[in-house]
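2 protein chains.
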Amino acid sequence: MTGTVAAPGDDPLLLDRQLCFPLYAATNLLNRLYGPVLKPLGLTYPQYLVMLVLWEEEPQTVGSLGARLYLDSGTLTPLLKRMEAAGLVSRTRDAGDERRVLIGLTERGRALRADALHVPGTIAGGRSSEEIDALRENVRQLVAMLAAPGDAD
Amino acid sequence: MTGTVAAPGDDPLLLDRQLCFPLYAATNLLNRLYGPVLKPLGLTYPQYLVMLVLWEEEPQTVGSLGARLYLDSGTLTPLLKRMEAAGLVSRTRDAGDERRVLIGLTERGRALRADALHVPGTIAGGRSSEEIDALRENVRQLVAMLAAPGDAD
DNA sequence: AACAGATATATTGCACACAATATAATCGCT
DNA sequence: AGCGATTATATTGTGTGCAATATATCTGTT
């Protein structure tokens, strides 16, 4: 008497009841938003994130970049090779531990920082910083939730 | 006296100051979380989203699926062809408007719903529903922000 | 009826993202 | 010193995502 499959209020499979769909949609929109802003810099969004990490500290291993960005070598290795080909980073084996690859910035990579300074402001547009701070904090909580081990054991 | 490039409190390029990085990281973690749960069903996460939409209403055009999921034909066409090859959906030209392609469910696609009922609970694990509701609402606000036209004009 | 513009989907090319696996170097234990 | 286990990165294969473009169909106007 309530419908084909379940009472609407109880149906766990409604798109609008999913926790993760808004997250998924927001990230796709995000990429579309950053794309045109980063294109003049010759960066994609994940490449921009790598640059942010390297502008903070350099050099770093592939593994430490991955730990910071939650990415593994399967994603980072080809990405870093493209950035090396673009002349933004250097990749050299660590002489002290030949398993490691040290990622450093080239002069061009360091200089690009000045061109990137406007990016956060451009993306934020005219939004209030309180609103942005609140949203950031909430999304960060979600990251902590999803990153927690023993999630769905 | 404050650092190489900017006073830490003012630097807009610190990774931890980015609004969008937690979102990006959360979505990657999300995919890793859903992957093993959906694999027994033969679905990827975006394919699961398509199924959620079709289980609500069917058939739908490629365009209406895309409007709901914020995806375009460049993403959906190959995805739907894979789902057709897997025997989950049907793709037929709309007789009334030959530009359109109607996506419907096969019997197997309809039957899969029963196997998917446990997915939301499995993903949620033991989390409180209040916490999840709050996070969902906040992420939805962010979607609205990012989807707003004239964002960074 | 014809035609310009709009609409709906498909195709191409590029760049992620991840699971699974492979390879090479280092470490720990004896 | 030798050797199995661990660690760090690379490779392979599949599946998205998106911009740009192409193709086919439809709509409104004349």
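Line order of the protein sequences matches chains A and B.
Residues in the first sequence are numbered consecutively from 1, following the numbering used here.
Residues in the second sequence are numbered consecutively from 1001, following the numbering used here.
Where is the CB? At the ideal position from N, CA and C, for every residue including glycine.
Since this is a predicted model, take the numbers as computed values, not measurements.
Counted within 10 angstroms of its Cβ, other Cβ atoms place residue i as buried (16 or more) or exposed
i, result
"T1092 (chain B)", "exposed"
"P1036 (chain B)", "exposed"
"G1150 (chain B)", "With a pLDDT of 44 at G1150 (chain B), under the threshold of 50, the predicted position of this residue should be treated as unreliable, though the coordinate-derived value follows. The residue in question, G1150 (chain B), is exposed, as its Cβ has fewer than 16 Cβ neighbours within 10 Å."
"G109 (chain A)", "buried"
"R82 (chain A)", "exposed"
"R99 (chain A)", "exposed"
"A1025 (chain B)", "buried"
"G3 (chain A)", "A caution first: G3 (chain A) carries a pLDDT of 43, below 50, which makes its placement in the model too unreliable to give a value."
"D133 (chain A)", "exposed"
Rounded Cβ spacing between residue i and residue j (contact assumed at less than 8 Å)
i, j, result
"E186 (chain A)", "L1014 (chain B)", "Look at the range of chain A in this structure, 1 to 153, and you will see that residue 186 (chain A) is not part of it."
"L1079 (chain B)", "P1040 (chain B)", "Contact doesn't hold; Cβ gap of about 19 Å is too wide."
"E1058 (chain B)", "L1105 (chain B)", "5 Å"
"G1121 (chain B)", "P12 (chain A)", "7 Å"
"Y70 (chain A)", "L1029 (chain B)", "6 Å"
"T27 (chain A)", "L1023 (chain B)", "6 Å"
"V53 (chain A)", "L65 (chain A)", "6 Å"
"Q1060 (chain B)", "I1103 (chain B)", "6 Å"
"V1062 (chain B)", "V1101 (chain B)", "5 Å"
Residue i: CB within 7 Å of a non-hydrogen atom of the ligand MN
i, result
"Q1060 (chain B)", "For the structure depicted, the ligand MN is absent and the ligand set is empty, with no information on it obtainable."
Jot down the residue ranges of each uninterrupted alpha helix (DSSP H) in the region 120-145 of chain A, minimum 4 residues, whole runs only, in chain order.
none
When you check each C-beta in the region 1023-1049 of chain B against every C-beta of chain A, which residues fall closer than 9 Å?
For the region 1023-1049 of chain B, which is checked against every Cβ of chain A, the residues closer than 9 Å are L1023, Y1024, A1025, A1026, T1027, N1028, L1029, L1030, N1031, R1032, L1033, Y1034, P1036, V1037, Y1045, P1046, L1049.
Within 8 Å, do at least three Cβ pairs link the region 1081-1099 of chain B to the region 1122-1137 of chain B?
no
Within 8 Å, do at least three Cβ pairs link the region 1109-1119 of chain B to the region 1064-1080 of chain B?
no
According to a CB-to-CB cut-off of less than 8 Å, which residues of the region 1071-1089 of chain B neighbour chain A?
L1071
Quick one: which residues of the region 1047-1068 of chain B get their C-beta closer than 9 Å to a C-beta of chain A? List them in chain order.
L1049, M1051, L1052, V1053, W1055, E1056, R1068
What residues from the region 93-108 of chain A come within 9 Å of chain B, judged by C-beta to C-beta, listed N to C?
none
Quick check for students: name the residue ranges of the alpha helix (DSSP H) that lie wholly in the region 7-36 of chain A, counting only runs of 4 or more.
none
Just by C-beta distance, which residues in the region 8-20 of chain A are closer than 8 Å to chain B?
P12, L13, L14, L15, R17, Q18, L19, C20
At which residue ranges does the region 39-73 of chain A contain complete alpha helix (DSSP H) runs of 4 or more residues, listed in the order of the chain?
45-56, 62-69
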